[in-house]
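Per the working numbering: the sequence shown = residues 1 to 447. Structure record follows, encoded as structure tokens.
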Amino acid sequence: MKNIQKEKLFTSKFIQKFLDNESSASLKNKNKFTEIASSLAYYLQSFSNVNKFLDYVCLILKHIFNEKIIVIIPLNYDGEVWHENIKISANNRFLKIQQEINSFLYKFDFSKNFKIKEILTFEKTLKNNFKEYTIETKKILSRGKCRGFIYIFNNNLSKESISDDSNFIFIQNCLAVGLENYCLIKTKKKHENVDREISTGAEIQSQLLPDYCPIIYGVDLAAHCRPALQLGGDYYDFMSLKTNISEKRKEKARWALVIGDVMGKGIPAGLLMTMLRGMLRAEVLTGLPPDRILHDLNQLAINDLDQSHRFVTLFYSDYDPRTRKLRFANAAHNPPLLWKNSDQKIIKLDAEGFVLGLQKNAEYSCGEIKLSENDLLLYYTDGVIDTSNSLGERFDEDRLIKTLSKLCKQSYTSQEILNKIFKKLDDFTGQNRHLEDDASMVVFQLK
């Protein structure tokens, strides 16, 4: 059958004409059923209107099993009884009982949050209302999941069952596939909408991270965040403590440098990171020392973090280009690695402090260090050192320290060092393996 001919079978006009036709011509003829089966298979391949599909199934049932009344009760995408698509297959001589069934279905109060086990109550009531019929029940199953129910009304005088008929089983299976396909289409559309929303969220979040590194007098900066998913929970920022001065004067003003990590990844972590960024930016403008900033930030965010059952690690520092002094406080974040050029070795910058969102009255220590020419600081999140390869080995902190030491002994810019560390991570994890967690790094190097 040509596609154009098949498509004619799917029009409402054709279905209505066929349903109204009381011709006694039987579709049990092998060639005729092959034609209908072929068109049904084509419909399954291309249909988008589930109502017409169910009408077409009823059409076939009516003319193959014209002595039966068959009720189809499909379940919708959410697993609820699909009221508007309940169908009855019956010849015109059963109009009275068909009207009675329709009235019964209309009056029966299906629960909005329908559960499969509730169908037993419905079936019991149905049988009590139509005692003159023996009612068979068949589930419409697809991949082990119930997609609806078929009820076959048999006159008590007739003991003949059609549930084992090969034609009936074929139509029942086609019906299951059709309803399953419709649900898959709905699921696909839902996922496409979610993907669009996530992409939009990821775009907005990427705009919240600094587009570029600011110019700080005597400093070479580079930074990059590589999220494990589209949305990430890593955060870094650079903020001038003076907002109402010229860009030239900002270069020599005090700057806040911060890096943080929300527990987990994906949408929840991304939303919390965005919330925390707004709170922190407001706190920074107070000009308080780092320990006070973390203390106040913790008190502001603890209720939201507690409700989300998440916490945040954060390293906050401020740098004065005129004195080269760096003050810092740590909320249990990975301590930055400081390359002391004069000693040709790496030390960790750390200070005592709890994670944000764990303890309401948490206290934080403040450290201070004076930096020298060619000193370098590497701020990073745990996604860097927790990266694993195909053997399950972690990149770990020792490997990061060794890699950084080698790079610091050569005359690389901050951006070159950042690129080479990420390249080292990629080589370590191997091809076609993604980071398991968000990985962010900031390289702060004195000229």
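Where is the CB? At the ideal position from N, CA and C, for every residue including glycine.
What did DSSP end up calling residue i once you bin it into helix, strand or coil?
i: Ile215; result: coil
i: Leu257; result: strand
i: Gln410; result: coil
i: Ile86; result: coil
i: Thr137; result: strand
i: Gly430; result: coil
i: Glu469; result: The requested residue 469 is not part of the displayed model; the chain covers only 1 to 447.
i: Leu370; result: Checking the displayed sequence, the identity of residue 370 turns out to be Lys instead of Leu. Here Lys370 sits in strand by DSSP.
i: Ser342; result: coil
i: Lys402; result: helix
i: Phe18; result: Any reading at Phe18 needs caution, since the residue's pLDDT is 48, under 50, leaving its predicted position unreliable; the model's value is listed next. In this structure, Phe18 counts as helix in the three-state DSSP scheme.
i: Pro142; result: The residue asked about is misnamed: residue 142 is Ser in this sequence, not Pro. Of the three classes helix, strand and coil, the one that applies to Ser142 here is strand, per DSSP.
i: Lys131; result: coil
i: Phe110; result: coil
i: Asn66; result: coil
i: Asp234; result: strand
i: Leu105; result: helix
i: Phe355; result: Residue identity differs from the one stated: residue 355 is Val in this sequence, not Phe. Of the three classes helix, strand and coil, the one that applies to Val355 here is coil, per DSSP.
i: Asn91; result: coil
i: Lys298; result: Contrary to the premise, residue 298 reads as Asn rather than Lys in this sequence. Reduced to three states, the DSSP call for Asn298 is helix.
i: Asn419; result: helix
Could you pull out every residue in the same chain whose Cβ sits closer than 6 Å to the Cβ of residue i, ignoring the five residues on either side in sequence?
i: Glu7; result: Caution is warranted here: a pLDDT of 48 is assigned to Glu7, below 50, making its placement in the model unreliable, and the coordinate value is therefore given only provisionally. For Glu7, where only same-chain residues beyond five positions count, there are no Cβ hits under 6 Å.
i: Val71; result: Ile88 and Tyr151
i: Tyr182; result: Val50
i: Leu391; result: none
i: Asn91; result: Asn66
i: Leu338; result: Ile347, Leu349 and Leu377
i: Tyr77; result: Cys183 and Lys186
i: Ser440; result: Cys225, Asp234, Tyr236 and Thr381
i: Val284; result: Met239 and Ala256
i: Lys127; result: Ile135
i: Tyr364; result: Asp291, Leu294, His295, Ala329 and Gly353
i: Thr387; result: Phe395, Leu425, Thr429 and Leu435
i: Leu300; result: Met279
Starting from residue i, follow its DSSP beta bridges and name the residues at the other end.
i: Asn330; result: Phe315
i: Pro74; result: Gly148
i: Ala223; result: Val442
i: Leu276; result: Bridge partners of Leu276: none, in fact.
i: Arg394; result: Ser388
i: Lys348; result: Leu337
i: Ser240; result: Trp255
i: Lys325; result: Asp320 and Lys370
i: Asn155; result: Tyr133
i: Tyr379; result: Val442
i: Val81; result: Leu75
i: Val262; result: Val312
Near residue i, which residues of its chain fall below 7 Å by C-beta distance, leaving aside the five closest residues on each side in sequence?
i: Asp396; result: Ile385
i: Ala41; result: none
i: Ala332; result: Thr313, Gly353, Phe354 and Val355
i: Asn85; result: Val50, Asn51, Leu54 and Pro74
i: Ser342; result: Ser372
i: Tyr133; result: Phe153, Asn154, Asn155 and Asn156
Identify, in the order they occur along the chain, each residue of the same chain with its Cβ nearer than 8 Å to the Cβ of residue i, setting aside the five sequence neighbours on each side.
i: Leu221; result: Cys213, Pro214, Phe238, Ser414, Val442, Val443, Phe444 and Gln445
i: Lys340; result: Ile346, Ile347, Ser372 and Asp375
i: Arg324; result: Gly218, Lys370, Leu371, Ser372 and Leu446
i: Lys242; result: Arg249, Lys250, Ala253 and Arg254
i: Ala141; result: The sequence shown places Leu at residue 141, rather than the Ala named in the question. For Leu141, where only same-chain residues beyond five positions count, the Cβ hits under 8 Å are Arg147 and Ala176.
i: Asn102; result: Ile88
Taking the alpha-carbon of residue i as reference, which of the options has the nearest alpha-carbon?
i: Tyr236; options: Lys107, Glu251 and Leu378; result: Leu378
i: Ala329; options: Lys340, Asp375, Cys366 and Trp82; result: Cys366
i: Ile135; options: Cys146, Ser142, Ser161 and Gly148; result: Ser161
i: Ile421; options: Ala332, Asn303 and Cys225; result: Cys225
i: Phe428; options: Leu418, Ser405, Leu400 and Lys406; result: Leu400
i: Ile369; options: Gln172, Asp320 and Glu192; result: Asp320
i: Ile171; options: Ile302, Gly430, Asp55 and Ala351; result: Asp55
i: Lys68; options: Gln98, Trp82 and Asn432; result: Gln98
i: Ala82; options: Phe104, Arg254 and Gly148; result: Checking the sequence shown, residue 82 turns out to be Trp, not Ala. Answer by Cα proximity: Gly148.
i: Asn173; options: Lys139, Lys188, Asn154 and Ile86; result: Lys139
i: Phe104; options: Leu272, Thr125, Leu326 and Phe94; result: Thr125
i: Phe94; options: Glu123, Asn154, Thr137 and Lys145; result: Asn154
i: Leu280; options: Leu297, Gly287, Ile417 and Arg292; result: Leu297
i: Gln431; options: Thr403, Asp398 and Asn389; result: Asn389
i: Leu120; options: Val258, Phe130 and Thr137; result: Thr137
i: Lys145; options: Asn167, Leu44, Phe130 and Glu180; result: Glu180
i: Leu454; options: Asp438, Glu100, Gly178 and Asn167; result: Missing from the structure shown is residue 454; the chain here goes from 1 to 447 and no further.
i: Pro335; options: His191, Ser317 and Asn419; result: Ser317
i: Asn361; options: Asn129, Leu288, Ile302 and Arg327; result: Ile302
i: Val258; options: Phe315, Glu247, Asp211 and Ile169; result: Phe315
i: Lys131; options: Gly383, Glu100, Gly260 and Asp109; result: Glu100
Cβ of residue i within 7 Å of any heavy atom in the ligand NAD?
i: Val284; result: Only the bare structure without any ligand can be found here, which leaves the ligand NAD out of the picture.
**OP:** Determine, using beta-carbon pairs with one atom in the stretch 350–361 and one in the stretch 410–427, whether at least three such pairs fall under 8 Å.
**Re:** Contact between the stretch 350–361 and the stretch 410–427 is absent, because fewer than three Cβ pairs lie under 8 Å.
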